[in-house]
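Peer 1:
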Amino acid sequence: MSAPVEAHTLPNGMLVLTREAHSAPVATSWVWYRVGSRNEPSGQTGISHWVEHMLFKGTPSVPRGEFDRLIARNGGTFNGFTWIDYTAYYETLPADRIEIGLRIEADRMVNALFDPPEVESERTVIISELEGYANYPETWLDEAVKAIAFTAHPYHHPVIGYKSDLLAMTREELYSYYQTFYTPNNAVLVLVGDFDTDVMLRTVEGYFADLPAGPALPRTRAVEPEPQGERRVIIRRPGPAEYVQIGYLAPDCRSKDFAPMAVLDAVLSGARSLNFMGGGAQTNRSARLYRALVETGLAASAYSSYLPTRDPFLFELSATVSADHTAAEVEGALLREVDKIQQEGVAADELARVLKQVRAQVAYSGESVTGQAMQLGMWEVLDSYRRTESLLDELAAVTADDVRRVARQYLTERRRVVGHFVPTDEESPA
Amino acid sequence: MSTHRSGIAGATRHVLANGMVALIQRNPTTPTVSVRGELRIGAVHEPASQSGLAVFTGAALIRGAGERSYQQIVAETEARGCSVNAGGGLHSSGFGAKALTEDLPLVIEILADMLARPTFPAHEVEKLRAQFLLGLRESEQETGTQASRAARELLYPPEHPYSRLSSGSVATVQDLGRDDLLRFHEGYHPAGGAVAVVGDVEPAAVIELLEQYLGGWARPGEPPALDLAPVPPLETIRRRDIPMAGKVQSDLIWAVHGLRRSDPDFYAAMLANMILGRLGLGGRLGENVREKQGMAYYCYSGLEADVGTGPWSAVAGVNPANVERAIAAVLHEVAQFVAEGPTEQELADARSYLTGSMVLGLETNDGIAGTLLAIERYGLGLDFVERYPAIIEGVSREQIVETARRYLTTDRYVLAVAGPPASGGEGTGA
Chain F
15 MSAPVEAHTL PNGMLVLTRE AHSAPVATSW VWYRVGSRNE PSGQTGISHW VEHMLFKGTP
75 SVPRGEFDRL IARNGGTFNG FTWIDYTAYY ETLPADRIEI GLRIEADRMV NALFDPPEVE
135 SERTVIISEL EGYANYPETW LDEAVKAIAF TAHPYHHPVI GYKSDLLAMT REELYSYYQT
195 FYTPNNAVLV LVGDFDTDVM LRTVEGYFAD LPAGPALPRT RAVEPEPQGE RRVIIRRPGP
255 AEYVQIGYLA PDCRSKDFAP MAVLDAVLSG ARSLNFMGGG AQTNRSARLY RALVETGLAA
315 SAYSSYLPTR DPFLFELSAT VSADHTAAEV EGALLREVDK IQQEGVAADE LARVLKQVRA
375 QVAYSGESVT GQAMQLGMWE VLDSYRRTES LLDELAAVTA DDVRRVARQY LTERRRVVGH
435 FVPTDEESPA
Chain R
23 MSTHRSGIAG ATRHVLANGM VALIQRNPTT PTVSVRGELR IGAVHEPASQ SGLAVFTGAA
83 LIRGAGERSY QQIVAETEAR GCSVNAGGGL HSSGFGAKAL TEDLPLVIEI LADMLARPTF
143 PAHEVEKLRA QFLLGLRESE QETGTQASRA ARELLYPPEH PYSRLSSGSV ATVQDLGRDD
203 LLRFHEGYHP AGGAVAVVGD VEPAAVIELL EQYLGGWARP GEPPALDLAP VPPLETIRRR
263 DIPMAGKVQS DLIWAVHGLR RSDPDFYAAM LANMILGRLG LGGRLGENVR EKQGMAYYCY
323 SGLEADVGTG PWSAVAGVNP ANVERAIAAV LHEVAQFVAE GPTEQELADA RSYLTGSMVL
383 GLETNDGIAG TLLAIERYGL GLDFVERYPA IIEGVSREQI VETARRYLTT DRYVLAVAGP
443 PASGGEGTGA
């Protein structure tokens, strides 16, 4: 179906992944850095995300504001995002303009200015971003759940960072973090689109081959210890409804148990789109959580979630509690669904449905070069881009026994954190 | 490299036996197919006392149709990795599906039943209403929703449907019952409606399918007429502040009356809007409020042009301490743009973005289907994509300046601010 991926490593250590796709005259260029909030020390939370913002604030050759106009002028779109394990930047352009993406990424990999007035101006932009998130009750609950789930590992803190750290951050700290992590040997360039690979590789070499390799990177050594008992948190703030969020410490994406856990997630709430940008099929309405919680009227929505991560993260269950029910009832119903799988396992037709859904989601996400490149880059920084090719087989090999076993092993009371959001009486006009 | 044409010009347009227009585009590069369609009935056709009825009716279509229950519809489609959906909007009621190509007949059959033979089971209507009410309570505690609702109330007289949000309110939706849905559904009419099917399909076979399942759905008379109340011009500045407990950030909206999609000024207004508040990181507004003053994570403008004169607005999310400064910045940029118009460089950038990015929107099946629908909705003709660059090039700087002057008035506008009460919130400074 799709063309094979070609991998090339430049002498400075930068990995280049290319895949030709000639279905539309477009191409996408991504640079992924192996840095995210998991690399942040206490007191410097939010630094990865702030550095990402600074890469849009100019280099000596492309001043601030010129960058986005350059892309727009060429009919392209762009963005950047920071997550717990990685930071990524992309430009999607008409195929004959894709070199602009390479030029920009090579330039800002080493030449970003971090001009002090721009650092100051961005401080308040990022605090504004944080305050926007804080308008939602779900944000307060989610941050509290992560904070009590992780005691030793930096997955403890939000990607956006704590406001106190954002207020205290210095230009020197940001710049030093940039110099540490933004090196070709810590980057993966992913190109998918309507181009000729040989020609493209020569262009890539022209832009990237001379960038100097950096020193070996500091490692994140923290390991979250085995939890010894359930932890609970209740957030009380003004809000429209009660919310429940449960998280279990879960295996990382390189674990042999990743595939059974992913199947368990899909059995509970459908195999979701592989693309962060959405665009897949909705598959949760025939799955277990929806039937047990939404169909019965207990909750207005109910989902599980399990993401591929570098270190053990969370397998989560979350729900919005219906008006005439309580968080305690909804928590009980979520836990009953887990218990059912632990006791009775899952049915063969559920496994077949999950596989068919994953196949379909892969096909939908493959419609766009941006979606394809996102998959390749994400898997490469987490483990290997080859996982995009092996994943279907890994999932197909999962048996009903595997699913029951991982549910029993990981979704236990002692490994879980439970959070409730309970609205306070404080008046808020309707 | 391959050669590409937009393909849109070669799409098949066929009028079904019942008057609905079918648009089919073959895209052999993926094993998937997208269906998107709409009927010309929406919230503009509902009385103020029943605000939310179109949205509710659209969402209820899937809750039972033909011989199938809701549970059967989602089980049957999701087991194959497809999804079907429908929903009401402001001007139209939409429906759609994503499927692997082999499942196209199934999703067409179900969508046809949803449009022509929805059963609206009483217990499903009750469940859906409870979910809607909770969703409305959630959104009524969102600063963005509150500001948007207030801006519409200030811009339009109460008898005009644009004065409301099409989602309705808790007060109106709680009184809507099954009979109301049945009555609103009687206004669904195939004439004036359209359905686009894009994917690895043979147009002739798709037409046969559509005729088989949809072509026989006939309705007496004509689709409901649309008679929008007149919009009195703004005479002054109208402002409303909505204090909201538990919030950290304020959302502000500045707005004036815009224009119809069919207005000869439409393309000039679109270019003006692009330069004022979209290009790059929010055009001139983003440059001032976000980049220069560091006050907001988002600040941009929007132009809603459809059957009637929708709002032309600017929005920003800022710390409560910065509200007045952000408003002043928005007003300053609007006034400056009106006084001086765009620079030659801005105009060239906006033109090349609009024409160059066209191919990006035509990459996926969903993107192509959405474009086909818009072409049909506004009567643009299938050669529109090919004519588009000339249309954009044909808009002169003078037309843009003249259009901006006519609409973007800085002495008559509305302003809505929703956020923490004036005393609350700590300023972030800048």
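If you read the sequences in order, they're chains F and R. Quick note on the numbering used here: the first sequence kicks off at 15 and runs consecutively. Quick note on the numbering used here: the second sequence kicks off at 23 and runs consecutively. We put the beta carbon where it would ideally sit given N, CA and C, even for glycine. Keep in mind it's a predicted model, so treat the numbers as computed, not measured.
#1: For F:Pro168, which residues in chain R fall below 7 Å Cβ to Cβ?
#2: Where do the ends of the alpha helix (DSSP H) carrying F:Glu136 lie?
#3: In terms of DSSP beta bridges, what is R:Cys321 paired with?
#4: Specify the secondary structure class of F:Asp156 as computed by DSSP and reduced to three states.
#5: At the level of alpha carbons, what is the spacing between R:Ala218 and R:Ala391?
#6: Could you tell me if the beta carbon of F:Lys177 falls within a distance shorter than 7 Å of some heavy atom in the ligand GTP?
#7: Should R:Ala452 be flagged as near chain F, meaning a C-beta pair shorter than 8 Å?
#8: One question on the structure: do R:Ile264 and R:Glu368 come within less than 8 Å of each other, judged by their Cβ atoms?
#9: How should F:Asn125 be labelled, buried or exposed, when 16 other C-beta atoms within 10 angstroms of its C-beta is the threshold for buried?
#10: Taking 8 Å as the threshold (C-beta atoms), are R:Gly86 and R:Pro140 in contact?
#11: Output needed in chain order: residues of the segment 144-171 of chain F with a Cβ under 7 Å from some Cβ in chain R.
#12: Would you check if the distance between the CB atom of R:Pro245 and the CB atom of R:His211 is smaller than 8 Å?
#13: At which residue ranges does the segment 283-334 of chain R contain complete beta strand (DSSP E) runs of 3 or more residues, listed in the order of the chain?
#14: Considering only the alpha carbon of each residue, which of F:Lys270, F:Asp82, F:Glu136, F:Val30 lies closest to R:Arg312?
#15: Which residue comes first and which comes last in the beta strand (DSSP E) that contains R:Tyr429?
#16: According to DSSP, is F:Val332 part of a helix, a strand, or is it coil?
#17: Pull up the DSSP beta-bridge partners for R:Trp276, would you.
#18: To which residues does DSSP link R:His211 through a beta bridge?
#19: Roughly how many angstroms lie between the CA atoms of R:Pro180 and R:Ala216, to the nearest whole one?
#20: What's the C-alpha gap between F:Leu369 and F:Met275?
#21: Under the DSSP definition of a beta bridge, which residues are partnered with R:Gln47?
#22: Which residues in the same chain as F:Arg429 place their Cβ atom closer than 7 Å to its Cβ, once the five residues preceding and following it in sequence are excluded?
#23: For the segment 146-166 of chain R, list every residue whose C-beta sits within 8 Å of some C-beta in chain F, in sequence order.
#24: Sort F:Thr217, F:Trp46, F:Phe329, F:Asn200 by Cα distance to F:Lys160 and report the nearest one.
#25: What does DSSP give as the partner residue(s) for F:Thr310 in the beta ladder?
#26: Tell me the DSSP bridge mates of F:Ala316?
#27: Can you find a CB in chain R that lies within less than 8 Å of the CB of F:Gln375?
#28: Output the distance between the C-alpha atoms of R:Gly209 and R:Thr79, rounded to the nearest integer angstrom.
#29: Give me whichever residues DSSP pairs with R:Lys120 in a beta bridge.
#30: Which term fits F:His167, buried or exposed, when burial requires 16 or more other beta carbons within 10 angstroms of its beta carbon?
#31: Measure the beta-carbon distance from F:Ile247 to F:Leu29 and round it to whole angstroms, keeping in mind my assumption that it falls under 8 Å.
#32: Tell me which same chain residues have a C-beta within less than 6 Å of the C-beta of R:Gln168, skipping the five on either side of it?
#33: Would you say F:Gly207 and F:Thr73 are within 8 Å of each other, going by their C-beta atoms?
#34: I need the DSSP call for F:Gln259, collapsed to helix, strand or coil.
#35: If contacts are defined as beta-carbon pairs under 8 Å, then R:Leu231 and R:Leu126 qualify, I think. What distance do you get, rounded to the angstrom?
#36: Out of curiosity, what's the CA-to-CA distance linking F:Tyr424 and F:Ser283?
Peer 2: The relevant details are as follows:
#1: Neighbours of F:Pro168 on chain R: none; closest Cβ ~23 Å, over 7 Å.
#2: That run of the alpha helix (DSSP H) goes 130-147.
#3: Per DSSP, the beta-bridge partners of R:Cys321 are R:Ala338.
#4: Helix at F:Asp156.
#5: Looking at the backbone, the Cα of R:Ala218 and that of R:Ala391 are separated by about 5 Å.
#6: Annotation note on the ligand GTP: not contained in the displayed structure, which lists no ligands.
#7: Bear in mind that a pLDDT of 34 at R:Ala452, under 50, signals an unreliable position, so the number given afterwards is only what the model happens to contain. Interface residue, yes.
#8: Their beta carbons are not under 8 Å apart, which means R:Ile264 does not touch R:Glu368 by this criterion.
#9: Under this definition F:Asn125 is an exposed residue.
#10: Yes; because the gap between Cβ atoms is below 8 Å, this pair is in contact.
#11: For the segment 144-171 of chain F, which is checked against every Cβ of chain R, the residues closer than 7 Å are Glu145, Gly146, Ala148, Asn149.
#12: Taking 8 Å as the Cβ cut-off, R:Pro245 and R:His211 qualify as a contacting pair.
#13: For the segment 283-334 of chain R, whole beta strand (DSSP E) runs of length 3 or above, ordered along the chain, are 318-325.
#14: Residue F:Glu136 is the option with its Cα nearest to R:Arg312.
#15: Per DSSP, R:Tyr429 belongs to no beta strand (DSSP E); it is in the alpha helix (DSSP H), 419-429.
#16: This sequence places Ser at residue 332 of chain F; Val is not what is there. Correct three-state label for F:Ser332: strand.
#17: According to DSSP, R:Trp276 bridges with R:Ala336, R:Leu437.
#18: Beta-bridge pairing links R:His211 to no other residue.
#19: C-alpha separation (whole angstroms): 31 Å.
#20: One C-alpha to the other measures close to 14 Å.
#21: DSSP, once it has assigned bridges, lists R:Val220 as partnering R:Gln47.
#22: Within the same chain, F:Arg429 has close Cβ partners Pro241, Tyr262, Leu263.
#23: Result list: Lys149, Ala152, Gln153, Leu155, Leu156, Gly157, Arg159, Glu160, Glu162, Gln163, Glu164, Thr165.
#24: Distance check between F:Lys160 and each of F:Thr217, F:Trp46, F:Phe329, F:Asn200 places F:Phe329 closest, using alpha-carbon atoms only.
#25: Partner residues in a beta bridge of F:Thr310, as assigned by DSSP, do not exist.
#26: Its beta-bridge partners are F:Ala333.
#27: Among the CB atoms of chain R, one or more fall inside 8 Å of the CB of F:Gln375.
#28: The alpha-carbon atoms of R:Gly209 and R:Thr79 are separated by roughly 11 Å.
#29: In the DSSP output, where bridge partners are listed per residue, R:Lys120 has R:Ser56, R:Ser105.
#30: The residue in question, F:His167, is buried, as its Cβ has 16 or more Cβ neighbours within 10 Å.
#31: Before going further, note that residue 247 of chain F is Val rather than Ile in the sequence given. Not confirmed; about 41 Å, so no contact.
#32: Taken in chain order, the residues that qualify are Ile264, Ala440.
#33: For F:Gly207 and F:Thr73, no; Cβs fall outside 8 Å.
#34: Here F:Gln259 sits in strand by DSSP.
#35: Right, their Cβ atoms sit about 7 Å apart.
#36: Approximately 18 Å, taken between the alpha carbons.
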